[in-house]
Every structure is written in structure tokens, then in C-alpha cells.
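Student: The numbering of the sequence shown is our numbering, which starts it at 20 and goes up by one.
Think of the CB as a built atom: it goes at the ideal place given N, C-alpha and C, for glycine as much as any other residue.
Below you will find the structure I want to go over with you.
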Amino acid sequence: MSNTETTAYLDRLLKLYEEKLNRFRLSLALLLVGTLVFFFLIFFPYITLLGNQEACRENPQCTKPEKSKLEDRLSEITTSWGKVPISTAEVTALFPVGVACGFVVVTAQLQGLIRLRRAITQQLKASSNYIDVTLIAPLLIDPKSGWVDRIAGVTILLFPFCVFIYSSVKISTRLEVLKNKLPYIQSARFYYLIYFLSAFTAIYTLVRLSFLFPGRNKNER
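Encoded structure:
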């Protein structure tokens with residue numbers, strides 16, 4: 020391949036990388052914002068109120084006004100969806116699965132960026148063009164960047180995964196109460212199964228990402 024052909028191929032790779040990078044950033048932003056908003060505005064208040072309501076029912080010292088207050092507050096959250104044909108209990112139960120799916124998509128996109136940056140690095144070497152690849156093909160977690168940037172990148176990427184783990188555990192402790200709020204009858208095993216499959220898929224993509232990382236690649240320096 021001539022220098023002209025190599026340069027043209029490199030330009031196409033860089034253009035493709037920019038497109039994929041923009042999609043990755045958009046997906047990551049949507050995942051982070053959606054996770055934060057739903058977790059703090061819907062999931063955490065709803066699960067907490069379910070726990071408080073159950074504790075109040077089991078506590079003989081819990082007064083009727085306290086029970087009524089919890090019922091009213093829970094009703095406010097439950098009916099806040101308006102005419103949307105889905106209950107808050109359903110959305111809460113499926114929240115961890117949605118976060119896990121978003122995490123898998125974002126992680127898969129990051130894997131594609133890493134593979135594409137390898138190709139860009141090889142083309143830079145082939146064209147004897149000594150350009151720092153981190154300047155033209157940045158990554159969320161880059162071994163060549165400072166440790167603060169690396170920690171920030173890891174934190175951003177793993178935040179949805181941590182929310183998934185926390186929400187799955189939290190729901191597991193309230194699953195019997197949550198099932199009573201669902202508009203249909205569903206076995207607890209069903210939720211344990213989908214949470215397990217979600218966790219397995221998320222961990223699998225995370226492990227694959229670690230093996231694709233530039234630091235493990237001898238050609239990328």
C-alpha cells in the first residue's frame with residue numbers, strides 16, 4: 020500500500036472513529052442521566068417507602084396516622100405516571116435490567132472504539148507518521164492519560180454497573196412486598212433469573228473489555 024493509499028485509509032478510519040466516538044458519548048450520556056434521574060426520583064423513594072410501609076405494618080407501635088401518611092405518599096408516587104400503561108412497581112422491578120442493558124451497549128461501543136484505535140495506530144506506524152494517537156483518537160479510559168483521568172473514566176463507566184448491583188440487591192430484599200404491588204402475578208424466580216442473566220452479561224462484557232484494552236496490546240504504545 021502506497022503512502023497516498025495509507026493516508027486515505029487512515030483518514031477514513033479517523034472519520035469512522037469520530038462517528039463512533041460521538042455515538043458512544045451520546046449513549047453514555049443518556050445512560051448516566053437516565054440512571055441518575057430515575058434512581059433518585061423514582062426507584063430509591065419507592066423502594067424506601069415500600070420498606071417503611073412493611074416495617075410499619077409489622078410494628079404494633081406504628082400509629083394509624085403514620086400508616087395513612089405512608090399510604091398517601093406511596094400512592095402519590097404510584098399514580099405519578101398518569102395515563103402511561105405501566106405501573107411504578109413494574110418500572111422499579113425492571114429498572115436494574117434496563118441499566119444493565121444500557122451498560123452492555125455502552126461497553127460494547129467502547130470495545131469497538133478500542134479495536135478501531137488499534138487499526139489507526141497500525142496505520143500511523145505504516146505511514147511513519149509519529150502522531151500521538153491519544154490526540155486524534157481519545158478513549159474514555161486511556162493508559163496514556165494521567166491517573167486522575169483514568170480514575171475518572173473508570174468511575175464514569177462503572178457507575179451504572181454499581182447502580183445495577185445496588186438496585187438488584189435492594190429489590191431482592193423487598194421483592195415479596197414489590198410483587199404485591201404488581202398488576203399481575205409473577206414468580207420471584209423470574210426476577211432472580213433476569214437479574215442473574217443481566218449480571219452475567221454485564222460482567223462478561225466488562226471482562227471482554229479488560230482484555231481488549233490498549234494496555235494489553237503490544238502494538239499500541
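Check for me: the alpha helix (DSSP H) holding F209 runs from which residue to which?
Tutor: For the purposes of this step, residue 209 is taken as the residue at position 190 of the sequence shown. Note, F209: alpha helix (DSSP H), A207 to L231.
Student: Whole angstroms is fine: what's the gap from Y36's alpha carbon to A207's?
Tutor: Position 17 of the sequence shown holds residue 36. Position 188 of the sequence shown holds residue 207. Distance between the alpha carbons of Y36 and A207 is about 44 Å.
Student: Beta-carbon separation of V123 and P179 under 7 Å?
Tutor: Here residue 123 is taken as the residue at index 104 of the sequence shown, counted from 1. Here residue 179 is taken as the residue at index 160 of the sequence shown, counted from 1. Cβ distance not < 7 Å, so V123 and P179 don't count as in contact.
Student: Would you call the CB atoms of V125 and L177 closer than 7 Å?
Tutor: Taking the sequence shown and counting its residues from 1, the one referred to as residue 125 is at position 106. Taking the sequence shown and counting its residues from 1, the one referred to as residue 177 is at position 158. Remark: C-beta atoms of V125 and L177 do not approach each other more closely than 7 Å.
Student: Could you work out which residue in A127, Q142, F63 and V182 is closest to T107 when comparing CA atoms only?
Tutor: In the sequence shown, residue 107 corresponds to position 88, counting from 1. Of the candidates A127, Q142, F63 and V182, the one whose C-alpha sits nearest the C-alpha of T107 is F63.
Student: Alpha carbon to alpha carbon, how far is I204 from S217?
Tutor: Working through the sequence shown from its first residue, we reach residue 204 at position 185. Working through the sequence shown from its first residue, we reach residue 217 at position 198. Those two C-alpha atoms are separated by around 22 Å.
Student: Could you please give the first and the last residue of the uninterrupted alpha helix (DSSP H) stretch that includes D168?
Tutor: Here residue 168 refers to the residue found at position 149 when the sequence shown is read from its first residue. Note, D168: alpha helix (DSSP H), W166 to T192.
Student: Near L228, what residues of its chain come up, given a Cβ to Cβ distance below 8 Å and the 5 sequence neighbours on each side ignored?
Tutor: Translated into positions along the sequence shown, residue 228 becomes position 209. T126, L129, Q130 and I133.
Student: To the nearest angstrom, how far is the alpha carbon of L113 from that of K200?
Tutor: In the sequence shown, counting from the first residue as 1, residue 113 sits at position 94. In the sequence shown, counting from the first residue as 1, residue 200 sits at position 181. When the Cα atoms are used, L113 and K200 turn out to be separated by approximately 14 Å.
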